[in-house]
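Chains as they are written, first to last, in our numbering: chain P, 3 to 47; chain A, 824 to 1270; chain G, 20 to 250. Ideal placement from N, C-alpha and C gives every residue a C-beta, glycine not left out. Everything below concerns the one structure shown next.
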């Protein structure tokens, strides 16, 4: 059990590193902040 | 004869000639004066009461005529471990020579006490209550405060008072080295320091102290080759040890190490963040223009990172809603988000109150490098009132943010906190049978 | 070591310890008392009640790195049972005893109670209180106060845990006093918080004080044990 937990902790730390480096703000993602899935529509220059 | 009186007392311990061979020590049998059945004593010379296995009469074995203490005409009760069974515990072979069934003062709780015998090592007890077993040894020590204080110290350890009560002998079989009697009542006090327990038994003038250690039913079953199922544990024993204390401790070490690592990662992130402002401006929007989309000038995001959009407005008792869209000029990809700026304030009988905020901020994750504009659509209660809206805006990139770290910390500590709760619950269950429960385990108790 | 011939049967009787004044002839069980110039038989010792003790005359062991050999036994009875007091030969010539009672062992040496005025006072009080006793069980209020009280023996504060009238059930080997059957004493047991053991023995109102420790079987490392059937 302890081994699983240690592996889990390692995973969390790795994920934290990746998220920080790549500029993810997880809380914003979770509250549904927009991701660019759609192209800009009627907002044209 | 006079010559032999010239004595040299040799200090080197010279040994005398051995005396003639003496017969081996062996069990002693005699006939029960009540029924004629055979009674065999194992702890010869030490046992004082023996129970006839045929008729259950209690016999005084210190009396040369084997006086009957209590006559009976009953069959012997069957017990989990029988008189005469032998087992090896902690490297020593023990023989069961006696058994008592005891109850508490209310006669609701029963427990078994087996008397174990080894001619060299003396006596021990195996006590079984509610499926939990203790291996017990008589303590020939003075323990100050035993039976009186709420806490006693033995062998450098603190033992906490768990219960005070009575023990009543209900049934006996086998032989005993004290004058056991059915119906005999003693005062009992138990002190715990899991896995150990110290019990005090007091009757009239005599005080007996004993030290018990929790032992798993599995160990008893294998020691005495018990084929039947051992009684199931129905409560947490007063001195039941917590499971896997090393594992629990190590788990916290892992959590601490992970937290330290996460903190290091976070500090590195914060120290190396660009935290650069890529755009800042202010706008005044008057009611006629309220339906128009404001477009910022182009600004550059040189490297993939998070983006923070900060807006503020000097509204007073008003609301302001913003529809924002961060648009990549080359790919036309858009990041849409909403912001609400609401601020209300007033005086309530001389005291100032306020609600809301005059600013808002939102993060967008992982915005690729490129040239961007921000498009702003707004709506506000101020427009109805024919007022204008003053909007101030700043866009930053690669902003050091602690929320990822706190999420990681929460994730790291979920399991340890769960285990902490389980441990608290275990202790609460342990103390639920006691009248001396420590305060932290009395939370949530029903009155 | 002193060798004499049994006045009854002529067998060789050895007194290993300089303190021993009495021995039971191993061959004819004559009770022999040693005087300055001669030995005298004072009767015959009946055979001792049987027991399952693993100890015997000749058993050797250690107590706190001190070697001992069992050279005599006193079987003591009281209203609720019996125990063995094994007389020990120790290299330094001290009077040592190994008490084997209810599965417990305690080794003690005689101490000079007169060297400590506190102990002497406590003993006088004890003797006076017990002299008023008539019953066998010490169940009345006087003993109630004595039981649980503390007495300083040597440098230790020990608690009185037992007061008993004892009678000699028999003896064998050599002993530092004559021990015929029926010899009566009052025996007071004391216990300390560190496993200390104390014993005050009153014979005709005169006290002898012993101080020592409870010991575990393994601590003694006994050799030359008695054979026991089934063990």
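{"Item": "For the segment 959-977 of chain A, which residues have a CB atom closer than 8 Å to at least one CB atom of chain G, in sequence order?", "Value": "961, 963, 964, 965, 966, 967"}
{"Item": "Would you list the residues sitting across from residue 17 of chain G in a DSSP beta bridge?", "Value": "Look at the range of chain G in this structure, 20 to 250, and you will see that residue 17 of chain G is not part of it."}
{"Item": "Rounding to the nearest angstrom, what Cα-Cα distance links residue 939 of chain A and residue 1233 of chain A in this structure?", "Value": "53 Å"}
{"Item": "Rounded to the nearest angstrom, what separates residue 1064 of chain A and residue 1182 of chain A at their Cα positions?", "Value": "56 Å"}
{"Item": "So, is residue 225 of chain G buried or exposed, given that buried needs 16 or more other C-beta atoms within 10 angstroms?", "Value": "exposed"}
{"Item": "So the alpha helix (DSSP H) residue 7 of chain P belongs to, where does it begin and stop?", "Value": "4-24"}
{"Item": "Distance, Cα to Cα, residue 845 of chain A vs residue 1059 of chain A?", "Value": "51 Å"}
{"Item": "Using a cut-off of 7 Å between C-beta atoms, extract the partners of residue 183 of chain G located in chain A.", "Value": "In chain order: nothing, as chain A lies at least about 11 Å away."}
{"Item": "Name, please, each residue of chain P whose Cβ falls closer than 8 Å to the Cβ of residue 1201 of chain A.", "Value": "Those do not exist, as residue 1201 of chain A stays about 14 Å from chain P at its closest Cβ, beyond 8 Å."}
{"Item": "Since residue 1008 of chain A meets chain G, which of its residues come closer than 7 Å, beta carbon to beta carbon?", "Value": "Per Cβ cutoff of 7 Å: no residues; residue 1008 of chain A is ~17 Å from chain G at best."}
{"Item": "Look at residue 178 of chain G and residue 965 of chain A and say whether their C-beta atoms are less than 8 Å apart.", "Value": "yes"}
{"Item": "Quick check on residue 1074 of chain A - is its C-beta less than 8 Å from some C-beta in chain P?", "Value": "yes"}
{"Item": "Using CA coordinates, which residue listed in P:13, P:26, P:14, P:10 is at the minimum distance from residue 1191 of chain A?", "Value": "P:26"}
{"Item": "Give a yes or no on whether 8 Å exceeds the smallest Cβ distance from residue 1002 of chain A to chain G.", "Value": "yes"}
{"Item": "What are the partner residues of residue 1161 of chain A, as DSSP defines its beta bridges?", "Value": "A:1146"}
{"Item": "What span of residues does the alpha helix (DSSP H) with residue 1266 of chain A cover, start to end?", "Value": "Taken as a continuous stretch (DSSP letters only), residue 1266 of chain A belongs to no alpha helix (DSSP H), as it is neither H nor E."}
{"Item": "Between the Cα of residue 39 of chain G and those of G:143, G:245, G:95, G:106, spot the shortest distance and give me the residue it belongs to.", "Value": "G:106"}
{"Item": "What does residue 1127 of chain A touch in chain P if you count any residue whose Cβ is under 8 Å from its own?", "Value": "24, 25"}
{"Item": "With a CB to CB cut of under 6 Å and the five nearest residues on each side skipped, what residues in its chain are close to residue 921 of chain A?", "Value": "938, 997, 998, 999"}
{"Item": "Roughly how far, in whole angstroms, is the beta-carbon of residue 1085 of chain A from the beta-carbon of residue 1262 of chain A, given that I think they are within contact range, below 8 Å?", "Value": "Contact doesn't hold; Cβ gap of about 34 Å is too wide."}
{"Item": "Using the beta-carbon of each residue, which ones in chain G are nearer than 9 Å to residue 902 of chain A?", "Value": "Going along chain G, no residue has its Cβ under 9 Å from residue 902 of chain A, so there is no contact; the nearest lies around 21 Å."}
{"Item": "Please check if any C-beta of chain G sits within less than 8 Å of the C-beta of residue 942 of chain A.", "Value": "yes"}
{"Item": "How many angstroms separate the CA atom of residue 1035 of chain A from the CA atom of residue 1021 of chain A?", "Value": "6 Å"}
{"Item": "If you run the structure through DSSP and keep just helix, strand and coil, what is residue 976 of chain A?", "Value": "strand"}
{"Item": "Under 8 Å between beta-carbons, which chain B residues line up against residue 948 of chain A? List them in chain order, please.", "Value": "This model lacks chain B altogether; the protein chains it does include are P, A and G."}
{"Item": "In three-state terms, what does DSSP make of residue 242 of chain G?", "Value": "strand"}
{"Item": "When you compare each of G:207, G:203, G:211 to residue 228 of chain G by their alpha carbons, which one comes out closest?", "Value": "G:207"}
{"Item": "Might you give, ordered along the chain, the residues of its own chain that have their beta carbon closer than 8 Å to the beta carbon of residue 235 of chain G, omitting 5 neighbours on each side?", "Value": "124"}
{"Item": "Am I right that residue 170 of chain G and residue 141 of chain G are in contact with their C-beta atoms under 8 Å? What's the rounded C-beta distance?", "Value": "4 Å"}
{"Item": "State the Cα-Cα distance for the pair residue 216 of chain G and residue 22 of chain G, rounded to the nearest angstrom.", "Value": "34 Å"}
{"Item": "Under 8 Å between C-beta atoms, does residue 21 of chain P make it to chain A?", "Value": "yes"}
{"Item": "Taking 8 Å as the threshold (beta carbon to beta carbon), is residue 1138 of chain A in contact with chain P?", "Value": "no"}
{"Item": "In chain order, which continuous runs of the beta strand (DSSP E) of length 3 or greater are located wholly inside the segment 903-984 of chain A?", "Value": "909-912, 915-926, 933-941, 945-952, 955-962, 974-977"}
{"Item": "Return the chain-ordered ranges of every alpha helix (DSSP H) run that is complete within the segment 1188-1227 of chain A and spans a minimum of 4 residues.", "Value": "1204-1207"}
{"Item": "I'd like to know whether the C-beta of residue 866 of chain A is nearer than 8 Å to at least one C-beta of chain G.", "Value": "yes"}
{"Item": "List the DSSP bridge partners of residue 62 of chain G.", "Value": "G:50"}
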